[in-house]
Amino acid sequence: MQVEVKKVKMTDDVIMSILEIDKEFYTNFDYSDSSWYFERYSDKNDAFLLVVDGNIVGYFLIVEISKSLYDDILRLKHDHDYDFPPQEWNCKSGCFYIPSVLVKQEYRRFSLPLLERLYKEVQTKNNLVAITVSQEGHRMAEKVLKLVGVANPQKDVRVYGSNLDTSI
Ligand SMILES: CC(C)(COP(=O)(O)OP(=O)(O)OC[C@H]1O[C@@H](n2cnc3c(N)ncnc32)[C@H](O)[C@@H]1OP(=O)(O)O)[C@@H](O)C(=O)NCCC(=O)NCCS
C-alpha cells in the first residue's frame, strides 16, 4: 500500500472527492445539491488529502475566517458550522478554523500520516479553532489542540483551540 498526504488546491474535482467522503459520515445532509460545497470552497482553499494507492480516502481542511466569527466560536456561540456565511470565509484575519477532519472508516488504519500532518499545520498557525461533534473528533482534537469549552452540552459539541492570542 502506498500512503501519501498531499496538499492541494480545492479544485472542483477535489471538492467532489471530499463530498463523496463526507457522505459516509455526515449523513444528515442532502447531497443531491452540491452547491453548498461550491459556495463554501474554491481553489482559494487548500485541502490536505490522505491518498492510499492513488485513492483519496481522507482529508482535513484549515480555512482563514473572519475575526468576528472566530470570536463567536471561542465564545461558544456555535455548535455547528454548516450555516456559516460564505463572506466570513477566506478573510485575511490571522484567525483559522478546521472545518473537517475525516478518514473513511475502512482506511482508518492509515490515518496516522494525516493526523501527524494536521499536528504540523496546527503548530504553524496562531488563533486556530475547531468545533468537534463526535467522540473521534474529541479524541483527535485532544491530541493536537486544547479544550476551550462545551458549546452544546446536550449534544456534547466542544470547541478546541491552539495558540490563541486573544482574550475573550
Ligand atoms: C477523526 C479521525 C480522522 C481520526 O482518525 P482515527 O484513525 O480514528 O485516529 P485515532 O484518534 O484513533 O488515532 C490513531 C492513532 O494516532 C495517534 N495520533 C492521533 N493524532 C496524532 C498526531 N497528531 N500525532 C501523532 N499521533 C497521533 C493516536 O494516539 C492513535 O494512536 P493509538 O492507536 O496508539 O492510540 C477519524 O476517527 C474519523 O474520520 N472520524 C469520523 C469523522 C469525525 O469524527 N471527524 C471529526 C468531526 S468533529
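FYI, the numbering used here numbers position 63 of the sequence shown as 91, with every residue one higher than the one before it. All C-beta atoms in this analysis are idealised placements derived from N, C-alpha and C, irrespective of residue type, glycine included.
| Item | Value |
| --- | --- |
| Please confirm if the stretch 57-64 is in contact with the stretch 144-161, defined as three or more CB-CB distances below 8 angstroms between the two stretches. | no |
| My output table needs one value for S96: the three-state DSSP class, helix, strand or coil. | helix |
| Fully enclosed by the stretch 56-84, which beta strand (DSSP E) runs are 3 residues long or longer? | 74-80 |
| Going by beta carbon distance, what residues of the same chain come within less than 7 angstroms of F53, once the five residues before and after it are set aside? | L130 |
| Keeping to the same chain, check which residues put their C-beta closer than 7 angstroms to that of D193; ignore five residues upstream and five downstream. | N154, N155 |
| Could you have a look at R136 and say whether DSSP puts it in helix, strand or coil? | helix |
| On the DSSP bridge assignment, give the partners of F88 in chain order. | F76, V129 |
| Consult DSSP for R145 and reduce its assignment to one of helix, strand or coil. | helix |
| Please work out which residues of its chain come closer than 7 angstroms, Cβ to Cβ, to K51, disregarding the five sequence neighbours upstream and downstream, and give them in chain order. | Y59 |
| What residues are listed by DSSP as bridge partners for V33? | L78 |
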